[in-house]
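Each remark here refers to the structure printed beneath this line.
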Amino acid sequence: MTPELTRLAAELTTVIDDVAAAFGGPADPTLSGELDCDPTSPGHLLCWQYGVRVDHPAAPESHLASLIPALHEAGWASHDRSTPREQITRFTREGADFTIHVAGAVTIIGSTRPVPA
């Protein structure tokens, strides 16, 4: 992994773990690692991905609403991509991004960032 990708991976892991902790349940990692994510040009674009799943019994939407101001203060811009059935918010900062996806009693939090190989 490149030094830039290593730095970003550590930063995003911390952000995602902190967000998951705010939902109150234990977070189960779903993926962690780098991928060759451009099928049209193998070996030229890497993505590092990290994701967690949080099961919780009540009101995950209120947890998300309480997190947004702190993430904005930390420099993350938010983009609401929700549907009538799911609450989806994407956060971006300096080319990095992560998404919080609330669907029923489950929240999925994950990130990816393309970096030239």
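For the sequence shown, my numbering gives the first residue as 913, with consecutive numbering after it. The C-beta atom is built at its ideal place from N, Cα and C for all residues, glycine as well.
Taking DSSP as the reference, what is the three-state secondary structure of T1019? The residue labelled residue 1019 in the question sits at position 107 within the sequence shown. Shown here, T1019 sits in a strand according to DSSP, grouped into three states.
With C-beta atoms as the reference, is I1012 less than 8 Å away from V964? Start at 1 with the first residue of the sequence shown, and residue 1012 comes out as number 100. Start at 1 with the first residue of the sequence shown, and residue 964 comes out as number 52. No, Cβ-Cβ distance for I1012 and V964 is not below 8 Å.
So F935 and V966 are supposed to be a Cβ contact under 8 Å. How far apart are they, rounded? Along the sequence shown, read from residue 1 onward, the residue named residue 935 stands at position 23. Along the sequence shown, read from residue 1 onward, the residue named residue 966 stands at position 54. Indeed, because the Cβ distance is near 5 Å, the residues count as touching under 8 Å.
Would you mind stating whether V1018 and E998 have Cβ atoms separated by less than 8 Å? Translated into the one-based positions of the sequence shown, residue 1018 becomes position 106. Translated into the one-based positions of the sequence shown, residue 998 becomes position 86. No, these two residues do not count as a Cβ contact at 8 Å.
T926 by DSSP, collapsed to three states: which one? For the purposes of this step, residue 926 is identified with residue 14 of the sequence shown, where counting begins at 1. T926: helix per DSSP, three-state reduction.
Kindly identify the DSSP beta-bridge partner or partners of E946. Translated into positions along the sequence shown, residue 946 becomes position 34. Beta-bridge partners assigned by DSSP to E946: W960.
Which residue's Cα is closest to the Cα of L976: A939, D940, W960 and V931? Walking along the sequence shown from the start, residue 976 turns up at place 64. Ranked by how close their Cα comes to the Cα of L976, the residues A939, D940, W960 and V931 have V931 in first place.
Per DSSP, what kind of secondary structure is R1005 in: helix, strand or coil? Here residue 1005 corresponds to residue number 93 of the sequence shown, with the count starting at 1. If DSSP states are grouped into helix, strand and coil, R1005 belongs with the strands.
Using DSSP with H/G/I as helix, E/B as strand and the rest coil, what is A977? Position 65 of the sequence shown, counted from the start, is the residue given in the question as residue 977. In this structure, A977 counts as helix in the three-state DSSP scheme.
Quick check: the Cα distance between H991 and R1005, rounded to an integer number of angstroms? Translated into positions along the sequence shown, residue 991 becomes position 79. Translated into positions along the sequence shown, residue 1005 becomes position 93. Their backbone Cα atoms lie some 12 Å apart in a straight line.
Closest by C-alpha distance to A922, when choosing among P938, W960, A939 and A933: Indexing the sequence shown from 1 puts residue 922 at position 10. Checking every option, the nearest Cα to that of A922 belongs to W960.
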